[in-house]
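Take a look at the structure set out below.
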Ligand code: ADP
Ligand code: ZN
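In my numbering, the protein residues as written are 63 to 894.
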């Protein structure tokens, strides 16, 4: 049978498979009217059937004779606009992502039908049923299958010993296996796992997990992947669930049911939130610029650069109102759900039912419902995390990205897009402005403003003339002189005194331990000096197994110095300090104070975070000790003092953005103080108070930090100068993986036209046009029994860097005899 003569057209379909191409199918005459670009269609693929998105449609030509036919068109009308399809195809190419995986993001997962194994009655079965010839025990099932084919799972739910019945029926040829389309039913809730916010990886791995390899592997996996669906963790290892429970019990990981009801607290907002206040002159100027582009339907990028509390959100709200007035739709992106609530609440207070919330914490069913509301044009405003960028808003008039510097705007799996770049593409295609808002813009964004690629709108003052909190930086090197050698210094005199004064005044304090799950063990205990790579200026990481310090960028390695190379102190040690130890010391110093701790232990207990924060809000807690969890978004008018115990810890993270993250974090923490009527006070303890990422925090001087960091990046050729491509090569066999990584690095070198490096690493730390660093072990050297190596391609010649990256990605995409996998990221943000 040749169905080709019946084909009315040829379509290109994007299928969710890791192959970078679209697939051609024939459109039977019966589907000619419905098989439109933007509709999803069910098609045969190999021996399976699959749902994909029709990306393009062409006239049929006889050459297309051999094509297979589209089985069915799923959507009655297009659900993804041609504009969005084009944007995603281009963006996929840019980040080396197979086009089908990128386009799969445009429709919510599980909103498409899937097929499951099942059974159908055969003609012979039908005959046997009609003649009453089937054995009695088999008849009920046969009769049920006579209605429609059923999924195996459905049969098992309805019939006891379904397996035996099916075997008997199949043996007699009365039924036959047949894939069955399952409806896009309401999927079950999904559980997500994440590292506890301040889990100390190294301490846990060296201590309690040393003899729990499964838990150790799972912890490393969580560190590398970030928050992940629990079911997707641990490969096929059946012990994963138990290991995860154990990690949760130890307070190292957290579980979350996604789909918790969104507390859209519109009603709880003050009445005046619903009424727009009169704008300040600076807000007015910013709004006019944005509204001009909205009404002209002009693509233009803006950086709304305003200190915390300067009224950025109010400008967003007004710009959204202008967009609706112009008859268009607005998309507002926020970094994460914990920060979303406030913005969502304010949007809802102002715009009510016209807001659709789209973020990954919605249950799939809720997500689909919101997506459909947008699709039907019922809600002109979409708000959500980065994935809201795929929202079906076809008359986009404005895109806002709040806190644009947040790392969570980068998608770290599959389609590795950065929300900033994808948003720019969408805005350009739609002809609308893109507004990036932040108090501490990313270097990339701020630099783009310098180059005139986007327009910088500045809100320099807090609303109501409220002062920014005074920040004092305490030099821990000085303070150390007062403490016996070998003893850890926790509270400086200044912080101790300030805590006392705050308590005496009846006010509250937050003590912040700037700790990340990963600490290099190379910080001098006496002076705070950390060893850095001579080539890359990246902190070296101590490898216990080989007792060497290693650079994770270029693989430069040295023996740890006998004594600190800066101050000559006899031993080097980790500046490790846990929140528990901190709490102990603070309790000893202030025995009468009401103290609470917010960290992994606290967060592990359900609802405990909310309880602690509520206690702080109600004044029942006087001193809150916490980690990053306390840094963001919260608003506690009673907090007058914020103390940062060890500002340097994040500075020594082996990442070229460590200084930027440190400055952003400290500025954010400082913004927690003095949000009420009384002025705030911030004390930052540091071994390197003059460091350019720490000193400018004192005067909230973003520009000073920016200038210094920019010079630094330029000198070393890190973004925003030139490009950086990161390749992660992992495999179960250390030697084979290392060999493959070396081979891929060599291939990248050739593709980009570089000479091989000499034996002592890259020759010159100055900006090179093109260089390939590594392979070097990844900072997480081993994960789930896979060894990990990284290769960095970097340089000022963007074309060569990208060409080499693409060549590496292509070479790494194929099958490998040693099960080596390669992930290439042309815009790396998290390089663990
Ligand atoms: P940001 O987003 O920059 O942190 P917000 O927009 O949240 O700042 O503004 C801080 C506070 O000031 C909010 O409570 C907001 O309602 C209020 N606010 C903003 N703009 C004005 C204004 N023009 N007049 C009075 N209050 C304002
Ligand atoms: Zn190096």
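Even glycine gets a Cβ: it sits at the ideal position worked out from N, Cα and C. Note that this is a predicted model, so its numbers are computed, not measured.
Quiz item: Taking three-plus beta-carbon pairs below 8 Å as touching, is the region 651-661 in contact with the region 674-681?
Solution: yes
Quiz item: What's the gap between the Cα of residue 555 and the Cα of residue 742?
Solution: 19 Å
Self-check item: Euclidean distance between Cα positions of residue 542 and residue 688
Solution: 23 Å
Quiz item: Between residue 730 and ligand 1, is the CB less than 7 Å from at least one heavy atom?
Solution: no
Quiz prompt | Residue environment, residue 123, which counts as buried when at least 16 other CB atoms sit within 10 Å | solution = exposed
Practice problem: Take the Cβ of residue 137 as the centre, count every other Cβ of all protein chains shown within 10 Å, and call the residue buried at 16 or more, exposed below. | Solution: buried
Self-check item: residue 341 beta carbon near ligand 1 (any heavy atom closer than 7 Å)
Solution: yes
Practice problem: Measure the C-alpha to C-alpha separation of residue 808 and residue 781 and round it to an integer number of angstroms. | Solution: In this structure, the alpha-carbon of residue 808 lies about 23 Å from that of residue 781.
Practice problem: Answer yes or no: the CB of residue 468 versus the heavy atoms of ligand 4, is any distance below 7 Å? | Solution: For ligand 4, the structure offers nothing, since it holds only ligand 1 and ligand 2.
Quiz item: Rounded to the nearest angstrom, how far is the Cβ of residue 521 from that of residue 373, given a contact under 8 Å?
Solution: 6 Å
Self-check item: Euclidean distance between Cα positions of residue 362 and residue 461
Solution: 10 Å
Exercise. Express the C-alpha separation of residue 105 and residue 852 in angstroms, rounding to a whole number.
Key: 38 Å
Exercise. Quick one: give me the first and last residue of the beta strand (DSSP E) that residue 789 is part of.
Key: Taken as a continuous stretch (DSSP letters only), the beta strand (DSSP E) holding residue 789 covers 785-793.
Quiz item: Among 196, 182 and 224, which one has its Cα closest to the Cα of residue 209?
Solution: Just measuring C-alpha positions, the residue of 196, 182 and 224 sitting nearest residue 209 is 182.
Exercise. Assign residue 430 to one of three DSSP states: helix, strand, or coil.
Key: helix
Quiz prompt | Contacting residues, own chain, Cβ-Cβ under 6 Å from residue 378 (five flanking each side not counted) | solution = 462
Quiz item: How should residue 143 be labelled, buried or exposed, when 16 other C-beta atoms within 10 angstroms of its C-beta is the threshold for buried?
Solution: Residue 143 is buried by the Cβ-count criterion.
Quiz item: Do you know offhand how far residue 886's Cα is from residue 506's?
Solution: 21 Å
Practice problem: Specify the secondary structure class of residue 517 as computed by DSSP and reduced to three states. | Solution: strand
Quiz item: To which residues of the same chain is residue 14 closer than 6 Å at the C-beta, ignoring the five residues directly before and after it?
Solution: In the structure as shown, the chain starts at 63 and stops at 894, and residue 14 therefore has no counterpart that could be examined.
Exercise. Quick one: which unbroken alpha helix (DSSP H) runs of 4-plus residues sit fully inside the region 153-216? Chain order, please.
Key: 161-165, 185-193 and 201-209
Self-check item: Any non-hydrogen atom of ligand 1 closer than 7 Å to residue 209 Cβ
Solution: no
Self-check item: Candidates 856, 865, 892 and 848: closest to residue 880 by CA position
Solution: 848
Quiz item: What whole-angstrom Cβ distance do residue 459 and residue 390 have, given they're in contact under 8 Å?
Solution: 3 Å
Quiz item: Anyone know if the C-beta pair for residue 349 and residue 316 falls short of 8 Å?
Solution: no
Practice problem: Return yes when the Cβ of residue 484 is within less than 8 Å of the Cβ of residue 153, no when it is not. | Solution: Contact annotation: residue 153 and residue 484 have beta-carbon atoms nearer than 8 Å.
Self-check item: CA-to-CA distance, residue 87 to residue 453, given in whole angstroms
Solution: 27 Å
Quiz item: When the Cα atoms are used, what is the spatial distance from residue 295 to residue 118?
Solution: 36 Å
Exercise. Sort 112, 754, 135 and 837 by Cα distance to residue 90 and report the nearest one.
Key: 135
Quiz item: Between residue 180 and residue 240, which are expected to be in contact by the criterion C-beta below 8 Å, what is the C-beta distance as a whole number of angstroms?
Solution: 6 Å
Self-check item: Same chain, Cβ closer than 6 Å to residue 327, neighbours up to 5 away in sequence not counted
Solution: Residue confidence is low: residue 327 scores 33 on pLDDT, short of 50, so the model does not pin down where it sits. Its coordinate-derived value is still stated next. Excluding sequence positions up to five before and after residue 327, its CB lies within less than 6 Å of the CB of 407, all in the same chain and listed in chain order.
Practice problem: Output the distance between the C-alpha atoms of residue 494 and residue 670, rounded to the nearest integer angstrom. | Solution: 43 Å
Quiz item: Buried or exposed: which applies to residue 282, given that a residue is buried once 16 or more other Cβ atoms fall within 10 Å of its Cβ?
Solution: With 16 or more Cβ atoms within 10 Å of its Cβ, residue 282 is classed as buried.
Quiz item: In this structure, does DSSP put residue 837 in helix, strand or coil?
Solution: strand
Quiz item: Whose C-beta lies closer than 6 Å to the C-beta of residue 823 among residues of the same chain, with five residues either side of it excluded?
Solution: Because residue 823 carries a pLDDT of 48, less than 50, the predicted location of this residue cannot be relied on, and no value is offered for it.
Exercise. Count the other C-beta atoms from every protein chain shown that fall within 10 angstroms of the C-beta of residue 758, then say buried if there are 16 or more, exposed otherwise.
Key: That one is buried.
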